[in-house]
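*Asks:* Pasting in a structure now, in structure tokens, and then I'll have a few things to ask.
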Amino acid sequence: MSLFVIGDSHLSFGVKKPMDIFHGWSGYEKRLEENWRKIVNENDTVLICGDVSWGMKLNEALEDFKFLHSLPGKKLLMKGNHDYWWETKAKMQRFLEENKIDSIDFLFNNAIRLGHICIAGTKGWFYDSGAEDEAKALNRELCRLRLSLQQAQKLGGEPVVFLHYPPISTRAVCSEIVDLLLEYGVKRCYYAHLHGPAIKNAFVSEYKGIHFYLVSGDSLSFCPKLVEKI
Numbered sequence: 001m002s003l004f005v006i007g008d009s010h011l012s013f014g015v016k017k018p019m020d021i022f023h024g025w026s027g028y029e030k031r032l033e034e035n036w037r038k039i040v041n042e043n044d045t046v047l048i049c050g051d052v053s054w055g056m057k058l059n060e061a062l063e064d065f066k067f068l069h070s071l072p073g074k075k076l077l078m079k080g081n082h083d084y085w086w087e088t089k090a091k092m093q094r095f096l097e098e099n100k101i102d103s104i105d106f107l108f109n110n111a112i113r114l115g116h117i118c119i120a121g122t123k124g125w126f127y128d129s130g131a132e133d134e135a136k137a138l139n140r141e142l143c144r145l146r147l148s149l150q151q152a153q154k155l156g157g158e159p160v161v162f163l164h165y166p167p168i169s170t171r172a173v174c175s176e177i178v179d180l181l182l183e184y185g186v187k188r189c190y191y192a193h194l195h196g197p198a199i200k201n202a203f204v205s206e207y208k209g210i211h212f213y214l215v216s217g218d219s220l221s222f223c224p225k226l227v228e229k230i
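Residues 1 to 230 in my numbering are what the sequence shown spells out, letter by letter.
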């Protein structure tokens with residue numbers, strides 16, 4: 001059993017939102033599927049760090065869920081800044097049950113133990129978003145991350161954190177999020193969101209004892225990254 005991660009699948013089988021207009025995204029769905037099938041087995045888990053689907057509502061994301069369901073392994077989905085279809089966990093789970101999709105679950109105000117590691121995380125917040133309600137949004141995500149880490153602490157094992165937004169770059173640090181990771185003894189943090197030219201600003205190294213990894217789809221050439229063999 002292994003845990004893999006990739007972010008920003010940006011699927012759009014149910015809506016017209018082509019990503020192949022961007023450099024490097026040509027045929028990305030096929031590339032993702034081929035790479036996934038080469039390395040992921042049925043007893044593995046793949047976590048998608050947000051921006052899963054361009055659907056605006058759950059029913060518009062259904063074809064994307066069906067595509068993921070057709071791939072090997074269990075899938076854990078997180079919310080990204082473009083996941084407008086996202087609802088309460090109960091509503092999303094009920095929708096999947098109604099459509100007979102049983103290989104997908106959600107990381108949302110919770111934590112999941114896999115072997116000796118415990119998966120925790122949330123969308124996070126960008127350190128320089130410029131949003132008017134930035135302080136409020138950051139505070140909300142800090143509360144969600146703390147709740148997830150508290151659950152991980154109860155479950156035991158090494159807490160490994162997954163975020164959509166990068167908490168650190170080569171230019172700046174979101175100290176509030178990093179401090180929370182340090183408080184709970186996190187040593188590994190995976191994030192997504194950065195594409196194209198922005199990838200050059202990604203911090204992929206160690207900071208204050210935490211190893212940070214970029215896992216956006218195009219940064220990985222649309223191949224899920226191995227986190228751990230369990």
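Cβ coordinates follow ideal geometry from the N, Cα and C atoms, glycine included.
(1) If the criterion is Cβ atoms closer than 7 Å, does the pair residue 168 and residue 212 meet it?
(2) If you check the beta carbons only, do residue 161 and residue 217 fall under 7 Å apart?
(3) With burial defined as no fewer than 16 other Cβ atoms inside 10 Å of the residue's Cβ, what is the status of residue 185: buried or exposed?
(4) Apart from the five residues on each side of it in sequence, which residues of its chain come closer than 7 Å, Cβ to Cβ, to residue 13?
(5) Identify the residues that DSSP records as bridge partners of residue 75: which are they?
(6) Judging by CA-CA distance, which residue of 6, 208 and 76 is the nearest neighbour of residue 195?
(7) Return the CA-CA distance between residue 50 and residue 144, expressed in angstroms with no decimal places.
(8) Between 30, 214, 118 and 208, which lies nearest to residue 3 when the distance is taken from Cα to Cα?
(9) Tell me which same chain residues have a C-beta within less than 7 Å of the C-beta of residue 75, skipping the five on either side of it?
(10) Among 227, 183, 114 and 219, which one has its Cα closest to the Cα of residue 28?
(11) In three-state DSSP terms, what is residue 143?
(12) Counting only the same chain and skipping the five closest in sequence on each side, list residues whose C-beta sits under 7 Å from that of residue 31.
(13) Relative to the alpha-carbon of residue 236, which residue among 214, 208 and 198 has its alpha-carbon at the smallest distance?
(14) Can you name, in chain order, every residue of its own chain whose Cβ lies under 6 Å from the Cβ of residue 191, other than the five neighbours on each side?
(15) Taking the C-alpha atoms as reference points, what is the distance between residue 9 and residue 225?
*Replies:* Reading from the atomic positions:
(1) Translated into positions along the sequence shown, residue 168 becomes position 168. Translated into positions along the sequence shown, residue 212 becomes position 212. Their beta carbons are under 7 Å apart, which means residue 168 touches residue 212 by this criterion.
(2) For this step, residue 161 is matched to residue 161 along the sequence shown. For this step, residue 217 is matched to residue 217 along the sequence shown. No, these two residues do not count as a Cβ contact at 7 Å.
(3) For the purposes of this step, residue 185 is identified with residue 185 of the sequence shown, where counting begins at 1. Residue 185 should be labelled exposed.
(4) Against the sequence shown, residue 13 aligns to sequence position 13. Excluding sequence neighbours, residue 13 sits near 63, 64 and 67.
(5) Stepping through the sequence shown from its first residue, residue 75 is reached at position 75. For residue 75, which the question treats as bridged, DSSP gives the partners 46 and 104.
(6) Here residue 195 corresponds to residue number 195 of the sequence shown, with the count starting at 1. When each option's Cα is compared against that of residue 195, the closest is 6.
(7) Residue mapping note: residue 50 aligns to position 50 of the sequence shown, counting from 1. Residue mapping note: residue 144 aligns to position 144 of the sequence shown, counting from 1. Between residue 50 and residue 144, the C-alpha separation is close to 15 Å.
(8) Reading the sequence shown from its first residue, position 3 is the one you call residue 3. When only C-alpha atoms are compared, the closest one is 118.
(9) Working through the sequence shown from its first residue, we reach residue 75 at position 75. If we look at residue 75 and ignore the five residues flanking it on each side, its Cβ neighbours are 46, 48, 68, 103 and 104.
(10) Mapped onto the sequence shown, residue 28 falls at position 28. Of the candidates 227, 183, 114 and 219, the one whose C-alpha sits nearest the C-alpha of residue 28 is 219.
(11) Start at 1 with the first residue of the sequence shown, and residue 143 comes out as number 143. If DSSP states are grouped into helix, strand and coil, residue 143 belongs with the helices.
(12) The sequence position of residue 31 within the sequence shown is 31, counting from 1. Excluding residues within five positions, the ones whose Cβ falls inside 7 Å are 222.
(13) Residue 236 falls outside the range modelled here, since the chain spans only 1 to 230, and no answer is possible.
(14) Counting from one through the sequence shown, the residue named residue 191 turns up at place 191. So the qualifying residues of the chain are 163 and 166.
(15) Here the question's residue 9 lines up with position 9 in the sequence shown. Here the question's residue 225 lines up with position 225 in the sequence shown. Cα to Cα, residue 9 sits roughly 13 Å from residue 225.
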